[in-house]
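Colleague:
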Amino acid sequence: MKNNLHATSKGFTLVELMVAISIIGILSSIVYANFGEARKASRDDVRKTSLKEMQLAIEFYKAQNDEYPAAGCGAGTGNFAEADATCTEYVTGLIPDFIPALPMDPSRENEPGVGFMYRSDGQNYKLMIKDAAEVKTVVAGDEFANDDGDPDTYAVYSAGAINW
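Residue numbers (our numbering): -16 to 147.
#1: What three-state label does DSSP hand Lys23 in the structure shown?
#2: Compare the C-alpha of Gln38 against each of Val139, Gly143, Ile145 and name the closest.
#3: Put Ala138 into one of helix, strand or coil per three-state DSSP.
#4: Taking the alpha carbon of Gly154 as the point to measure from, which residue in Asp133, Val118, Glu117 has its own alpha carbon closest?
#5: Check whether the region 9 to 21 and the region 39 to 58 touch, using three or more Cβ-Cβ pairs below 8 Å as the test.
#6: So, at 8 Å on beta carbons, what are the nonlocal neighbours of Arg26 in its own chain, with the 5 sequence-adjacent residues on each side left out?
#7: Report back the beta-carbon spacing between Glu65 and Met111 to the nearest angstrom; my notes put them in contact at under 8 Å.
#8: Run through DSSP, which three-state label would Met100 get?
#9: Pop quiz: Ala115 and Leu77 are said to be a contact at Cβ under 8 Å. What is the actual Cβ separation, rounded to whole angstroms?
#10: For Ile112, which beta-bridge partners are listed by DSSP?
#11: So, is Leu0 buried or exposed, given that buried needs 16 or more other C-beta atoms within 10 angstroms?
#12: Which same chain residues end up closer than 8 Å to Phe127 when comparing Cβ atoms and leaving out the 5 residues on each side of it in sequence?
#13: Asp28 by DSSP, collapsed to three states: which one?
#14: Of all the options Asn129, Asp80, Val74, which has the alpha carbon lying nearest to the alpha carbon of Gly105?
#15: To the nearest angstrom, how far is it from the Cα of Ile82 to the Cα of Tyr15?
#16: Would you kindly check if the distance between the Cβ of Asp130 and the Cβ of Asn146 is under 8 Å?
#17: Helix, strand or coil: which one does DSSP assign to Ala53?
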């Protein structure tokens, strides 16, 4: 009488397949969460880079015209022109000589009161990206710190506009 206890099986059992799929699912969710944070951080970097580019364009404009450019699209919140889907030229006179196009917030361009805002009286200016920081918040003393201490708002401004 032969014993078939040592017969070789081909393939995996259902339990083995379920364990492997569960492990893959857990690992992929961890990786996805990390990529989500990386995307948010990269959008914050885009915002900061856009602010620096705009600051340079505004300063070049002043060097040629002896005053800072005016706010476009009418005054929005607190005398600031707001960039949104209907206002793409929130700073007048920069396109195309000083910058090819004015930047928009990479993820929140349709929310009112959020994103790029600009104000100028000709002698001073303030450009900020209001309530947009996702991961890289602003601390006091940071290059992009706003005077009101809001950790979610990046700003660049002339010395006379610090209290706007």
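No residue lacks a Cβ here, since even glycine has one placed at the ideal position from N, Cα and C.
Modeller: In terms of the structure at hand:
#1: helix
#2: Val139
#3: strand
#4: Lying before the first or after the last residue shown, residue 154 is absent from the chain, which here runs from -16 to 147.
#5: no
#6: Pro89, Ser90, Glu117
#7: With 8 Å as the limit, Glu65 and Met111 do not qualify as a contact, their Cβ atoms being about 11 Å apart.
#8: strand
#9: Ala115 to Leu77, Cβ: 20 Å. No contact.
#10: Phe99, Tyr137
#11: exposed
#12: Lys31, Leu34, Val121, Tyr137, Ala138, Val139
#13: helix
#14: Val74
#15: 36 Å
#16: For Asn146 and Asp130, yes; Cβs fall inside 8 Å.
#17: Under the three-state reduction of DSSP output, Ala53 falls in the coil class, being neither helix nor strand.
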